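**Q** Quick one: the structure is below, questions incoming.
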């Protein structure tokens, strides 16, 4: 109560409405109480991340979303109010003016009286940079996307784009969201900005499904300015950013930013922010939008005959990131196992070679669902040895859903796959424990056919969550 009284006293001297002070405790970055749907998600929004919301926050500023949709300029910190001659100005209803621009008279920070000047003096320039208006003018060419919206609402989606690596799990996830977004949610096909990685990506699959004109290759993550330049010709209103999760400062100023965090959820930024699983570290009530597991084609086809593998041979396989089969003692155990067991063979797809042996084969990557399903049916189990574990583990899910066991490390810090696998998981924690599993593995051991793991990652269920969190 003392804080409210003190703020009210300062507010009256600065000509700030009591109404603004009563609601100015919302932090510059935080959960926006917009939509609390069936999944009880908290929507994260960065105030003024782009001109689509007609806002640009001041450092340590607070915001005032009033109950009837009017907006008030952010009030600076209490320390600034007490130490500086600062005058707040209440905004009117934040509707865009002619051409979609935000009128300064509706939303602007007034300068201290003694610093007002008529000409472009150094003092005036310094003041303008210091006390920038929170509702800035839209840049030329951005007028269509520079609209003010009430807090908790989402501008209509006209066209959207995906930015991220088109390789491995991230590429599969982006492809699936876009594919099912079009078929299940009836959204327009997005434009893809594929970031190149070692060994190339699966951009050909994107071109085949969505068209060559829908894919643009990038050598790395673009700057904010470059991102705006890339999005503008496509009239993009929403951009999906598949990131590690840290706030790298890369957000579009001309579109709604939908940030999907893979490794950490402690740095909310953009307009909507979510993590890919509950095992991703969480800095607050950040919602989860999981990857979906696409049903692979059913059938009995496999590659044993093409690879000249005997029907009785035990085949253990792996595919995933090129450099993520990186537990060194697991590599040594593989080499030792083929020396001791003559009926054992290993197939590694898209994996950095670590040994030379006729029964340890390294195969080129495959990306089509049919080829992937044929490869999995060739195998008796998956061998997974990633030192960092998995925050989701899409390849693991695909093996398990086609009835395969997964040999994986108990030592991994991110273990969402162990939780989901249940009886299909065979765990090791050392060289000796893995070697024992490899030598004793029985390809004919019973496996419950009624296993229902990963059921909650079916496309229809995940796409409902995707829409609720990112687009509703």
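In mature numbering (1 follows the signal peptide of the UniProt record, and there is no 0), the protein residues as written are -18 to -1, 1 to 454. Glycine residues also receive a C-beta, built at the ideal position from the N, C-alpha and C atoms. Just so we're clear, the structure is a prediction, and the values are computed from it rather than from any experiment.
(1) Out of 400, 267, 189, which has the shortest C-alpha to C-alpha gap to residue 249?
(2) What does the alpha-carbon distance come out to for the pair residue 40 and residue 219?
(3) Going by C-alpha to C-alpha distance, which of 196, 326, 234 sits closest to residue 339?
(4) Do you know offhand how far residue 320's Cα is from residue 341's?
(5) Could I get the ranges of all uninterrupted beta strand (DSSP E) runs contained in the stretch 166 to 241, with 3 residues as the minimum, in chain order?
(6) Of all the options 166, 153, 155, 154, which has the alpha carbon lying nearest to the alpha carbon of residue 446?
(7) Give me, in chain order, the residues of the same chain whose beta-carbon lies closer than 8 Å to that of residue 335; leave out the 5 immediate sequence neighbours on both sides.
(8) So, under 8 Å CB-CB, residue 302 and residue 382 are touching, yes? Tell me the CB distance rounded to an integer number of Å.
(9) Do the CB positions of residue 174 and residue 197 come within less than 7 Å of each other?
(10) Pick from 269, 360, 221, 275: whose alpha carbon is nearest that of residue 437?
(11) Suppose you measure from the CA of residue 121 to the CA of residue 289; what does that come to, to the nearest Å?
(12) Within 10 angstroms of its Cβ, does residue 128 collect 16 or more other Cβ (buried), or is it exposed?
(13) Taking residue 387 as the reference, which of 351, 418, 369, 433 has the closest Cα?
(14) Entirely within the stretch 315 to 364 and at least 4 residues each: give me those alpha helix (DSSP H) ranges in chain order.
(15) Please classify residue 350: is it buried, with 16 or more other beta-carbons within 10 angstroms of its beta-carbon, or exposed?
(16) What is the DSSP secondary structure of residue 162, reduced to helix, strand or coil?
(17) Classify residue 138: buried if its beta carbon has 16 or more other beta carbons within 10 angstroms, exposed otherwise.
(18) Got a sec? Which residues, its chain only, sit under 8 Å from residue 457 by beta carbon, not counting five neighbours each side?
(19) What does the Cβ neighbour count give for residue 292, buried or exposed, with the cut at 16 atoms within 10 Å?
(20) Once DSSP output is grouped into helix, strand and coil, what is the label at residue 300?
(21) Could you give the distance in angstroms between the alpha-carbon of residue 26 and the alpha-carbon of residue 240?
(22) Do residue 391 and residue 400 have their C-beta atoms closer together than 7 Å?
(23) Quick check on DSSP: helix, strand or coil for residue 382?
(24) On the three-pair Cβ rule with 8 Å, is the stretch 308 to 323 touching the stretch 227 to 241?
(25) Within the continuous beta strand (DSSP E) that includes residue 415, where are the two ends?
(26) Quick check on DSSP: helix, strand or coil for residue 389?
(27) So, with DSSP's three-state summary, where would you put residue 408?
(28) Out of 226, 454, 297, which has the shortest C-alpha to C-alpha gap to residue 424?
(29) Rounded to whole angstroms, what is the Cα-Cα separation between residue 371 and residue 205?
(30) What are the boundary residues of the beta strand (DSSP E) that residue 448 is part of?
(31) By how many angstroms is the C-alpha of residue 187 removed from the C-alpha of residue 162?
(32) Have a look at residue 146 and residue 281 and give me their C-alpha separation to the nearest angstrom.
(33) Measure the C-alpha to C-alpha separation of residue 451 and residue 152 and round it to an integer number of angstroms.
(34) When the Cα of residue 279 is compared with those of 207, 417, 359, which residue comes out closest?
(35) Determine the DSSP secondary structure at residue 74, reduced to helix, strand or coil.
**A** In short:
(1) 267
(2) Here residue 40 scores only 34 on pLDDT, less than 50, and its place in the model is too uncertain to base an answer on.
(3) 326
(4) 7 Å
(5) 173 to 177, 197 to 200, 220 to 225
(6) 166
(7) 344
(8) The pair is not a contact, with the Cβ atoms about 14 Å apart (cut-off 8 Å).
(9) yes
(10) 275
(11) The predicted position of residue 121 is uncertain, since its pLDDT is 35 and thus under 50; no value can be drawn from it.
(12) Annotation note: pLDDT 34 at residue 128 (below 50); position unreliable, coordinate value reported separately. Burial call: buried.
(13) 433
(14) 351 to 360
(15) exposed
(16) helix
(17) exposed
(18) Outside the displayed range of the chain (-18 to 454) lies residue 457, so it cannot be described from this structure.
(19) exposed
(20) strand
(21) Annotation note: pLDDT 40 at residue 26 (below 50); position unreliable, coordinate value reported separately. Their Cα atoms are separated by approximately 10 Å.
(22) no
(23) helix
(24) no
(25) Taken as a continuous stretch (DSSP letters only), residue 415 belongs to no beta strand (DSSP E), being part of the alpha helix (DSSP H) at 413 to 422.
(26) strand
(27) strand
(28) 297
(29) 30 Å
(30) No beta strand (DSSP E) contains residue 448, which is instead part of the alpha helix (DSSP H) from 441 to 448.
(31) 15 Å
(32) 33 Å
(33) 19 Å
(34) 359
(35) In this prediction, residue 74 scores a pLDDT of 40, lower than 50, which makes its location untrustworthy; no coordinate-derived value is stated.
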